[in-house]
Every structure is written in structure tokens, then in C-alpha cells.
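Residue 171 is where the sequence shown starts when you use this note's numbering, and the numbers rise one by one after that. Working notes, beginning with the structure itself.
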Amino acid sequence: MATAVKSVQIEPIVGEDRSYLRDLACRVAEAANRPEQAERASLWRRHNGLERVRPLVLVFPEGAWRELWAQEPPMRTRGNRARQIERDLRVRLYYAEHLRDDNVIEPVLASPIVTHQTGWGLEPRKTKPATPHGAAHFEPVLLDDADADKLTLPEVTVDWAATEALHAQTCELLGDILAIEKQGPCRGGFAPLDHYLQLRGIDRLFLDLCDRPDLVHRVIGTLTDGQIRIMQALERQGALTLGNRNHYVGSGGTGYTDALPGPDFDGEHVRTKDLWGFATAQIFSEVSPAMHEEFALRHEKRFLDLFGLNCYGCCEPLHLKLDAVLRHVPRLRRLSISPWADVAICAERLGRNCIFSWKPNPAILAGETWDPDAARRQLRAFCEATRGNVVEIVMKDTHTIRGQPHRMWEWVRIAKEVALDY
Numbered sequence: 171m172a173t174a175v176k177s178v179q180i181e182p183i184v185g186e187d188r189s190y191l192r193d194l195a196c197r198v199a200e201a202a203n204r205p206e207q208a209e210r211a212s213l214w215r216r217h218n219g220l221e222r223v224r225p226l227v228l229v230f231p232e233g234a235w236r237e238l239w240a241q242e243p244p245m246r247t248r249g250n251r252a253r254q255i256e257r258d259l260r261v262r263l264y265y266a267e268h269l270r271d272d273n274v275i276e277p278v279l280a281s282p283i284v285t286h287q288t289g290w291g292l293e294p295r296k297t298k299p300a301t302p303h304g305a306a307h308f309e310p311v312l313l314d315d316a317d318a319d320k321l322t323l324p325e326v327t328v329d330w331a332a333t334e335a336l337h338a339q340t341c342e343l344l345g346d347i348l349a350i351e352k353q354g355p356c357r358g359g360f361a362p363l364d365h366y367l368q369l370r371g372i373d374r375l376f377l378d379l380c381d382r383p384d385l386v387h388r389v390i391g392t393l394t395d396g397q398i399r400i401m402q403a404l405e406r407q408g409a410l411t412l413g414n415r416n417h418y419v420g421s422g423g424t425g426y427t428d429a430l431p432g433p434d435f436d437g438e439h440v441r442t443k444d445l446w447g448f449a450t451a452q453i454f455s456e457v458s459p460a461m462h463e464e465f466a467l468r469h470e471k472r473f474l475d476l477f478g479l480n481c482y483g484c485c486e487p488l489h490l491k492l493d494a495v496l497r498h499v500p501r502l503r504r505l506s507i508s509p510w511a512d513v514a515i516c517a518e519r520l521g522r523n524c525i526f527s528w529k530p531n532p533a534i535l536a537g538e539t540w541d542p543d544a545a546r547r548q549l550r551a552f553c554e555a556t557r558g559n560v561v562e563i564v565m566k567d568t569h570t571i572r573g574q575p576h577r578m579w580e581w582v583r584i585a586k587e588v589a590l591d592y
């Protein structure tokens, strides 16, 4: 789904904030110029080209960042833009100094292309949780066919004046240290069933599959039309940017590839077919293969047809749905194999036809005690089972590490040690 920036304030970044950000940028530039960064980038290009290199290892702390940051000095800068830059640079330094996975640190800083997007005509009504990290509740707003009539296709416009002002500020601030690149959406992502349940409610979604299939198809069809319209509008206005370097693609992977952009790329105007695409139907984890195909894949295929390479899946186990996924997803290059999928079935069915993007269960980092030997056994068993596949190991959805950052550092070290044997 394209990200819309609703408003931009060009806040001055001066004094101590300016000096501190420049110091962080110098440290990032130094880390980015170490030889291992180019070596990792080369491995990713080969890997994304379906060459069998060692299993590549990524970690995304996500919810556990609050526990990692608790051990670090607090944020120092003031103002939204300064804090965005500070967090970006500090995350990279944390990877370089502590996590040390196969993420590539680049000497590049993104300056956002600012877009404005109208709504869908019918928006989710969300109740925030009482606790800071609890689950939100969505109150159904799609109650009948009349409500479905309220859905409209979004309009997207690019605010080039704000885009240029942000870019000029960022160049003046750090352009002599890092390359400053304007960046708009550099991949396509789509989760139509998540959107549907936010409008309709999770219970009604599952009942609708049996009782009101026409409504499901109608709404999902409209949401698909809208996402296609968004991507085409961004392409038409020149707001897309390439995502073929250390850009997050799919549900965990990097975008390094020689296959994108397409051979007829003019060097300036980025098209959707020059990008990675992604779709997922996580809420369909326990839905039958036939229903997954009918209500998800047949619609998602229309969106994924826009892109040059595609990723599919996230947390939903897909081992019983592989035939349908392989049949419907065009130019599939990366498939998410969740902690609840059967590794052996997936390994045999996929071979080297697409990347086996394995998500180990993050519970191993969240238990009462940390057991490095158990982690090593789990990783080795997986690597043994996937010797014939193109493999990446992506630790994500890590919502807690029990306040012990060393667990994550050690997991990465162990995973890379095991990977070297395969």
C-alpha cells in the first residue's frame, strides 16, 4: 500500500541538533564503507537471482526495539524531521555495532517524496487499546450493501514543492557526508483481507465467505481497483523510485537484484514493472486452499501483475496452498514460510524456483530463559532440511526479548555461524 504523507513542516535543524546529526552521519558513512557491506550486497544480488549461496540472515527487532533502546541513550534531537533522521541513522549504527546480520548499511539517506491521498469514502473506526502495546479494536462500519456503495477509489497527488524543500534542507544538512536521494514508494504492497476485516469485523469476514461471498468479492474487487489506481497514479506523476538495493521487500528480504529495473528502463521514469510487489492474506491462515484461492489470490493477482518481481505471504502457513500460490502469483521470487508451515513440504515443492524466506518462531527469543544451544539446534535442523533451496532466515515479529538485548545479538551470531556450514 502506498504511504501518504499528509502534511510536511520544514522545521529548521540547527545548533546542537545539527552537530549531532552530522556526527551520526559520519559514523554511518564510515560503517557503510567497510568492505563487508559490498560483500553482503553481492551475496544478496546472487541470492535474489536464485543462485544458491549460504543462507542469508536478517533480524528485524520491531516490537523489541523499545527494549533495545532502553539500554541506549535517549533521543537527543527536537522536531519531527530531525528525529526521523536521528532514528534512521541510529538504527543503522545499532545494526553495525550490535546486530551484525546481513543487512547492508549504505551511505545514502532518503528524502521523502511527499504525497497526499484522499480516502476510500468508508474508513475504519478503531478503538485504541488501554495499554501502550495492546491490540486495537475495529468497530464494523461496513454493515450492508449500502455501506459498500460508499467505497470510492482514492486520488493521489504529489506535493513537489514540499518534496523539493525537504530535499534541499537534507542536502544542506548532510549532503557532503551521505548521498541524499528523493524517495517515493519503491515497492508495492497489498493486504486486501486485512483492509476488509478493518471495515467489516473479523467475525463477519469469516461468515461472509460462506453467507455473503458476493459482498466479499465486490469489496475486495474495489479495494484491488483502488490499490492499482494508487500505484498507476504514482507512476504517472513520477513519484515511484527504484527499490533494488537495501530496500525492505516482501515480508522480510532485501531488494538487491540485477533483474530490476526492466531492460527498457529509460533511466529516469520508474514504472511499477521496475519494482518488487508483495501481497499477503495473513488472516486466512486457517482458511481452506480453495477459499484462499477464490477470495485472496484471484484478486491479489491483478495487483501483482503490475510488478517486475513479486513476494507473497507473511505469517500465514502456506504449505497446503503452494500450488495455488505458484499458479496465481506472476513472477514469484520470494515466498514467506512462516513458523507454522511444514518446512519439508515447502522445501520439496519449491526447490530453487523461488526464495525460501523462512521465519523462525520468535518465541525462542521471548522465553523465560535464553537457550543458545536450542537456537543452534533449530537453525541447523532447518538448514539440513533445505539444502536444495535458495534460503534466507528472517527473524521478525520479535515483540519481546525479556529486556535482554544480548539474546538477539547472540541469535544472529549463531545463525550466521550455522549458515556458513551450508
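Glycine included, C-beta positions come from ideal geometry on N, C-alpha and C.
A direct Cα-to-Cα measurement between V326 and G354 gives close to 13 Å. When the five nearest sequence neighbours on each side are left out, the beta carbons in the same chain lying within less than 8 Å of the beta carbon of T568 are those of V229, F230, P231, E232, G233, A234, P532, L535, A536 and M578, in order along the chain.
Collapsing the DSSP output to three states places Y190 in a helix. Counting along the chain, no beta strand (DSSP E) covers Q402; the unbroken alpha helix (DSSP H) around it starts and ends at P383 to R406. Here C380 is exposed: its Cβ has fewer than 16 other Cβ atoms, across all protein chains shown, within 10 Å.
Taking the C-beta atoms as reference points, R224 is found nearer than 8 Å to A589.
About 7 Å separates the beta carbons of G423 and C481, which is inside the 8 Å limit, making them a contact pair. Inter-segment contact for the segment 249 to 269 and the segment 291 to 307 is absent: fewer than three beta-carbon pairs are separated by less than 8 Å. Under the DSSP assignment, Y482 falls in the beta strand (DSSP E) whose first and last residues are L479 to Y482.
For Q574, the secondary structure class from DSSP, reduced to helix, strand or coil, is coil. With a cutoff of 8 Å on beta-carbon distance, W540 and Q574 are scored as near each other. In this chain, the alpha helix (DSSP H) harbouring V261 covers N250 to Y264. Membership of A211 in any beta strand (DSSP E) is not indicated; the residue belongs instead to the alpha helix (DSSP H) covering P205 to N218. A check of alpha carbon separations from D314 across E518, T427 and R370 identifies R370 as the nearest. Taking all protein chains in view, the Cβ of K296 is surrounded by fewer than 16 other Cβ atoms within 10 Å, so the residue is classified as exposed. Taking 8 Å as the cut-off, the Cβ atoms of E405 and R441 count as close. Following the DSSP letters along the chain, one finds K298 in no beta strand (DSSP E), marked with neither H nor E. Of the other Cβ atoms in all chains shown, fewer than 16 fall within 10 Å of the Cβ of R248; this residue is therefore exposed. When DSSP reads this structure, V229 sits in a beta bridge with M565. For the 8 Å CB-CB criterion, H417 and G408 do not form a contact.
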